[in-house]
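As you go down the protein sequences, you meet chains A and B in turn.
Just so it is clear: in the first sequence, position 207 is 207 by the numbering used here, and no numbers are missing.
Each position in the second sequence, counted from 1, maps to that position plus 322 in the numbering used here.
Have a look at the structure below, then the notes.
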Amino acid sequence: MKRIEKNKFYEKLNGMIGEYRVFAPSGDRYRYIEDVSEIKFDGLLTKMSPKAHFLPQEEELFRWDEKENIKVKDVNDRYIVFGMRPCEVRAVTLLDPTFDTEKFPDPYYINRRKNTIIISIACNEPLETCFCTSFGYGPFTKGDADLMLVDMGDYFLGEGDEDILNLFGFTDSEEDYRELKEKAESRIGRIEIEGIPEKLEQIRETDFFKKITQRCITCGTCTFLCPTCYCFDIQDRNRLNGGKRVRVWDSCMFKIYTHETSGHNPRYEEHRRMRQRVMHKFAYYPSLYNQYGCVGCGRCVTYCPVNFDIREVIREAGGYNG
Amino acid sequence: MTEKIREIARRLLENGEVELVIGFEKGTIPLKSRPVFIEKPEEVEKLIWDGFCENNLATYLRRYRGRKVGIVAKGCDSRAIVNLIVEGQLNREDVYIIGVPCTGMYDRRKMIRDGKEEPSEDYLFLNCKTCPYPTPVLYDELAGEEVSPRDRDYSDVETIEKMSSDERWEWFQREFSRCIRCYACREACPMCFCEFCFVDENRPEWVEGGIHPSDLGFWNLGRAFHLAGRCVECGACERACPMELPLMVLNRKMVKDVKEIFDYEAGVSLDEKPVLGTFNPEDREDFIL
Numbered sequence: 001m002k003r004i005e006k007n008k009f010y011e012k013l014n015g016m017i018g019e020y021r022v023f024a025p026s027g028d029r030y031r032y033i034e035d036v037s038e039i040k041f042d043g044l045l046t047k048m049s050p051k052a053h054f055l056p057q058e059e060e061l062f063r064w065d066e067k068e069n070i071k072v073k074d075v076n077d078r079y080i081v082f083g084m085r086p087c088e089v090r091a092v093t094l095l096d097p098t099f100d101t102e103k104f105p106d107p108y109y110i111n112r113r114k115n116t117i118i119i120s121i122a123c124n125e126p127l128e129t130c131f132c133t134s135f136g137y138g139p140f141t142k143g144d145a146d147l148m149l150v151d152m153g154d155y156f157l158g159e160g161d162e163d164i165l166n167l168f169g170f171t172d173s174e175e176d177y178r179e180l181k182e183k184a185e186s187r188i189g190r191i192e193i194e195g196i197p198e199k200l201e202q203i204r205e206t207d208f209f210k211k212i213t214q215r216c217i218t219c220g221t222c223t224f225l226c227p228t229c230y231c232f233d234i235q236d237r238n239r240l241n242g243g244k245r246v247r248v249w250d251s252c253m254f255k256i257y258t259h260e261t262s263g264h265n266p267r268y269e270e271h272r273r274m275r276q277r278v279m280h281k282f283a284y285y286p287s288l289y290n291q292y293g294c295v296g297c298g299r300c301v302t303y304c305p306v307n308f309d310i311r312e313v314i315r316e317a318g319g320y321n322g
Numbered sequence: 323m324t325e326k327i328r329e330i331a332r333r334l335l336e337n338g339e340v341e342l343v344i345g346f347e348k349g350t351i352p353l354k355s356r357p358v359f360i361e362k363p364e365e366v367e368k369l370i371w372d373g374f375c376e377n378n379l380a381t382y383l384r385r386y387r388g389r390k391v392g393i394v395a396k397g398c399d400s401r402a403i404v405n406l407i408v409e410g411q412l413n414r415e416d417v418y419i420i421g422v423p424c425t426g427m428y429d430r431r432k433m434i435r436d437g438k439e440e441p442s443e444d445y446l447f448l449n450c451k452t453c454p455y456p457t458p459v460l461y462d463e464l465a466g467e468e469v470s471p472r473d474r475d476y477s478d479v480e481t482i483e484k485m486s487s488d489e490r491w492e493w494f495q496r497e498f499s500r501c502i503r504c505y506a507c508r509e510a511c512p513m514c515f516c517e518f519c520f521v522d523e524n525r526p527e528w529v530e531g532g533i534h535p536s537d538l539g540f541w542n543l544g545r546a547f548h549l550a551g552r553c554v555e556c557g558a559c560e561r562a563c564p565m566e567l568p569l570m571v572l573n574r575k576m577v578k579d580v581k582e583i584f585d586y587e588a589g590v591s592l593d594e595k596p597v598l599g600t601f602n603p604e605d606r607e608d609f610i611l
């Protein structure tokens with residue numbers, strides 16, 4: 001195992017700002033920071049997930065001038081995302097098969113992803129709403145992070161690529177984090193997801209989705225806070241002297257999301273939107289990529305204005321015979 | 323109160339007077355009671371009443387138009403129902419109102435931040451602390467003793483009014499910058515029922531998507547103006563907002579102005595027409611430029 005004193009780590013990280021754009025927890029969301037003093041952990045998880053780096057809420061794709069000369073947005077900055085939790089790292093892994101495809105590779109996403117060093121922090125004290133271990137990983141999974149830190153009080157233990165450990169100046173240590181890991185894992189509630197994709201397909205035409213959608217007010221809180229939701233809209237901003245094409249977040253919970261030019265809306269009813277969201281994560285994603293589209297971070301549970309609880313819905317789906 | 327609500331709900335469902343009862347049940351996270359939809363008499367035990375029934379259930383009523391529905395309504399929920407009827411969104415006879423005199427709801431997020439588990443006056447939402455109509459203004463049956471109105475207090479609004487326009491603009495920009503355009507405020511609001519919200523229009527596109535400060539400002543101020551003379555001060559928008567924007571101070575400014583200018587309060591009488599939907603030759607004009 002390797003270790004580094006926290007102040008030494010942060011000093012080093014501070015020195016890297018400039019060479020890298022550093023995206024770090026700063027209150028309710030991650031921000032690109034100018035100084036490590038801006039880093040602020042507001043509980044275990046920020047409200048907004050760090051997906052906003054990989055898929056910004058509003059992102060310019062290209063612009064044009066009055067002569068219609070097109071300039072594509074330069075996406076070659078180098079980045080460090082610091083402080084991601086294992087669930088958030090996994091969420092980025094789950095975005096890859098959607099944006100990094102052979103047929104339609106998304107250069108904006110791929111460049112950001114390629115040019116980003118991910119430094120995660122394991123979760124010593126998971127929240128009551130965490131259910132990550134349901135998905136075959138846990139609070140101490142490094143996953144696709146380049147470096148995973150374990151908070152030991154005054155210092156971090158580190159696990160990751162040799163060159164990054166050396167870059168920060170980690171030194172050898174005899175310690176390990178097994179005890180912390182076991183303790184954290186034991187605190188996490190699990191949901192039973194065995195057979196859920198098939199079950200959801202079976203009950204898709206029943207009243208199940210109508211029933212669970214009753215309380216949903218169809219706002220976009222769950223989708224916007226979710227680290228794996230990636231739906232977007234493309235909009236042109238035309239002005240007299242040119243314009244730009246931007247990509248902005250969208251949400252399958254919005255009525256307008258499937259509003260077609262003809263006026264027809266196949267998901268006008270609330271439960272059709274809810275069905276899309278639940279099945280996308282728990283049926284379509286598994287069938288397409290052999291992985292669930294949910295990482296169990298619990299944000300949707302915590303911040304839903306009406307306490308729609310996906311853990312409960314999956315449980316109910318499992319036992320639904322209607 | 324919980325027992326009385328269950329008793330009424332059971333009777334309504336058993337007698338077939340309503341198809342379902344919308345009320346509150348215990349939530350799955352701390353200090354949260356959440357909307358529940360009871361369709362069978364044997365399910366009424368789920369219903370509860372406590373200081374964490376923060377949502378305005380009237381927001382669901384338009385989904386059940388033309389069907390007979392029972393609803394648990396505190397003072398502000400009942401005002402929303404009145405306003406929905408006044409604005410032609412709901413038939414009075416379609417809804418059976420189980421009125422609940424309300425002693426106020428507690429700010430769960432603030433309590434959790436402070437590590438508190440027991441509610442106290444300090445944690446009452448501001449609009450509850452200053453609630454003029456804690457007892458429902460319209461009901462078919464009351465589930466408890468009437469509660470006395472509290473004194474109105476707009477000191478929060480006055481603080482913003484006293485700012486210079488530059489200060490106020492800076493305050494707006496700062497607060498709105500946290501908005502993520504999830505529209506939880508709109509969806510939680512019983513009065514935000516437009517079939518097509520102005521923010522979703524794209525021909526013309528009044529507000530662009532994304533998070534440019536001007537769009538965030540236009541959305542939040544635009545919504546507040548659309549609620550002028552219509553907002554019933556329930557606070558559902560602010561409670562729903564995941565980013566905790568101070569939305570109620572905008573709405574309360576509108577409520578205060580409408581009261582001062584037209585001596586009108588939204589959702590208190592079935593006989594009054596919407597204030598901005600009527601013209602009266604005696605209306606004040608001194609605010610028109």
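By construction, the Cβ of each residue, glycine as well, lies at the ideal position given by its N, Cα and C atoms.
Residue i burial status per 10 Å Cβ neighbour count (16 or more: buried)
i	result
PRO564 (chain B)	buried
LYS354 (chain B)	buried
TYR455 (chain B)	buried
ASP53 (chain A)	Asp is not the amino acid found at residue 53 (chain A); the sequence shown has His there. That one is buried.
LEU55 (chain A)	buried
CYS130 (chain A)	buried
ILE212 (chain A)	buried
HIS548 (chain B)	buried
TRP249 (chain A)	buried
Chain A within 8 Å of residue i, Cβ atoms only
i	result
ILE360 (chain B)	no
ALA380 (chain B)	no
PRO377 (chain B)	Here residue 377 (chain B) is Asn; the residue named in the question, Pro, does not match the sequence. At least one chain A Cβ lies under 8 Å of ASN377 (chain B).
ALA402 (chain B)	no
GLU483 (chain B)	no
ALA510 (chain B)	yes
Residue i to residue j span [Cα, whole Å]
i	j	result
PHE82 (chain A)	GLY189 (chain A)	26 Å
GLU468 (chain B)	MET274 (chain A)	39 Å
ILE344 (chain B)	PHE62 (chain A)	49 Å
ARG332 (chain B)	ALA465 (chain B)	13 Å
GLU480 (chain B)	ASP106 (chain A)	50 Å
ARG237 (chain A)	CYS504 (chain B)	21 Å
GLY27 (chain A)	GLY43 (chain A)	9 Å
PRO25 (chain A)	ASP100 (chain A)	26 Å
ARG500 (chain B)	LEU334 (chain B)	44 Å
CYS559 (chain B)	PHE584 (chain B)	24 Å
GLU102 (chain A)	ASP96 (chain A)	11 Å
PHE168 (chain A)	ILE70 (chain A)	41 Å
ARG90 (chain A)	ASP151 (chain A)	19 Å
CYS516 (chain B)	TYR382 (chain B)	14 Å
PRO363 (chain B)	ASP579 (chain B)	45 Å
Partner residues on chain B for residue i, Cβ-Cβ distance less than 7 Å
i	result
GLY220 (chain A)	CYS504, TYR505
ILE235 (chain A)	Ile is not the amino acid found at residue 235 (chain A); the sequence shown has Gln there. Within chain B, the residues near GLN235 (chain A) are GLU530, GLY531.
GLU312 (chain A)	THR350
Neighbour flag for residue i against chain B, beta carbons, 8 Å
i	result
VAL248 (chain A)	yes
THR258 (chain A)	no
THR93 (chain A)	no
MET48 (chain A)	yes
THR302 (chain A)	yes
ASP207 (chain A)	no
GLU38 (chain A)	no
GLU34 (chain A)	no
THR129 (chain A)	yes
GLU58 (chain A)	yes
Neighbour list for residue i in chain E, Cβ cutoff strictly below 7 Å
i	result
ARG356 (chain B)	This model lacks chain E altogether, as its protein chains are A and B.
8 Å Cβ cut-off: residues of chain A touching residue i
i	result
ARG561 (chain B)	PRO305
GLU604 (chain B)	In chain order: nothing, as chain A lies at least about 40 Å away.
ASP473 (chain B)	Those do not exist, as ASP473 (chain B) stays about 29 Å from chain A at its closest Cβ, beyond 8 Å.
Unbroken alpha helix (DSSP H) run spanning residue i, endpoints
i	result
TRP493 (chain B)	487–498
GLN276 (chain A)	270–279
ARG190 (chain A)	Counting along the chain, ARG190 (chain A) falls outside any alpha helix (DSSP H), and DSSP gives it neither H nor E.
SER536 (chain B)	535–548
Where the beta strand (DSSP E) through residue i begins and ends
i	result
TRP64 (chain A)	58–65
Partner residues on chain A for residue i, Cβ-Cβ distance less than 9 Å
i	result
ALA331 (chain B)	Here the premise fails: no neighbours, minimum Cβ distance about 16 Å.
Residues that residue i contacts on chain B, provided the C-beta gap is smaller than 9 Å
i	result
LEU225 (chain A)	ILE502, CYS504, PRO564
Interface partners of residue i on chain A, CB under 7 Å
i	result
ASN542 (chain B)	Result: empty, since nearest Cβ-Cβ is about 15 Å, beyond 7 Å.
ASP522 (chain B)	ILE256
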